[in-house]
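Visitor: Handing you this structure, nothing more for now.
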Amino acid sequence: MRATLIAAAADIIREQGHGALTSRTLAERLNLKRQILHYYFESVDELLVLVVRDTHAKAMAAFERTARTDDPLHAIWRMMNDSRMSVLALELAALAARRPAVREVVRESAEALRALQTRILVDHLAAKGITPSIDPEFATMVIAAMAQSLAQESLVGITAGHDKARGIVEAALTEFSETGKSAYFS
């Protein structure tokens with residue numbers, strides 16, 4: 000039941016925003032009594048921390064799978080452009096800014112994900128005998144920022160420049176993957 004509650008809470012946050020998650024909305028989602036939340040969790044903050052940890056574990060596993068693909072840089076980019084993942088990440092970041100109990104868990108998760116993405120990038124280039132001319136941590140940060148920006152704008156219907164931005168990032172990733180350099184990041 001705890002796993003079901005955690006998954007339902009993540010769905011509410013993704014679909015309606017972190018402010019929509021209450022014991023009432025969670026209970027209604029699952030057709031349960033409101034008290035169910037307090038039976039399984041000491042507080043909403045405990046539930047939120049577990050949502051972050053569960054989301055983190057799933058993201059880490061997904062990114063680890065990208066490391067085993069032929070083109071991990073594009074695979075990371077595609078994952079980060081997944082609207083379900085991007086929207087939830089944005090909501091959890093906003094939540095962390097307002098809920099101190101969640102802040103440290105979100106920070107640790109985000110830093111671990113960035114470290115993993117950077118390691119995947121470095122390992123991919125090293126396997127090709129390429130020393131990157133661009134700091135790999137910076138490159139992963141740019142990829143994440145662009146993906147989050149596109150996701151955030153898409154949420155409100157902004158699409159101007161999105162296809163162009165995606166095309167440029169795709170070209171930059173192809174160039175970087177093959178040479179360790181990119182005119183787009185210079």
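Going by numbering that gives the first Met the number 0, the final residue of the sequence shown carries number 185, and the count climbs one at a time with no gaps. All residues carry an ideal CB built from backbone N, CA and C; glycine is no exception.
#1: What's the gap between the Cα of THR117 and the Cα of SER108?
#2: Pairs of beta-carbons, one from the segment 160 to 175 and one from the segment 66 to 84, closer than 8 Å: are there three or more?
#3: At which residues does the alpha helix (DSSP H) containing GLY166 begin and terminate?
#4: Quick one: grab the DSSP three-state call for LEU99.
#5: If you draw a straight line from the alpha carbon of ALA19 to that of GLU152, how long is it in whole angstroms?
#6: Rounded to the nearest angstrom, how far is the Cβ of ILE11 from that of ASP53, given a contact under 8 Å?
#7: Counting pairs of beta carbons, one from the segment 92 to 100 and one from the segment 119 to 134, are three or more of them closer than 8 Å?
#8: Could you spell out where the alpha helix (DSSP H) holding THR3 opens and where it closes?
Guide: Judging by the given coordinates:
#1: For the purposes of this step, residue 117 is taken as the residue at position 118 of the sequence shown. For the purposes of this step, residue 108 is taken as the residue at position 109 of the sequence shown. One C-alpha to the other measures close to 14 Å.
#2: Output reads yes: the segment 66 to 84 touches the segment 160 to 175.
#3: Residue numbering aside, residue 166 sits at position 167 when the sequence shown is read from its first letter. Run containing GLY166: 161 to 178, per the alpha helix (DSSP H) assignment.
#4: Residue 99 sits at position 100 when you count from the first residue of the sequence shown. The displayed chain sequence assigns Pro, not Leu, to residue 99. It is helical.
#5: Here the question's residue 19 lines up with position 20 in the sequence shown. Here the question's residue 152 lines up with position 153 in the sequence shown. Just so you know, the alpha carbons of ALA19 and GLU152 end up roughly 20 Å apart.
#6: As a position in the sequence shown, residue 11 is number 12, starting the count at 1. As a position in the sequence shown, residue 53 is number 54, starting the count at 1. Actually they do not touch by this definition, with Cβ atoms about 14 Å apart.
#7: No contact exists between the segment 92 to 100 and the segment 119 to 134.
#8: On the sequence shown, residue 3 is found 4 positions in, with the first residue counted as 1. Judged by DSSP secondary structure, THR3 falls within the alpha helix (DSSP H) whose first and last residues are 1 to 15.
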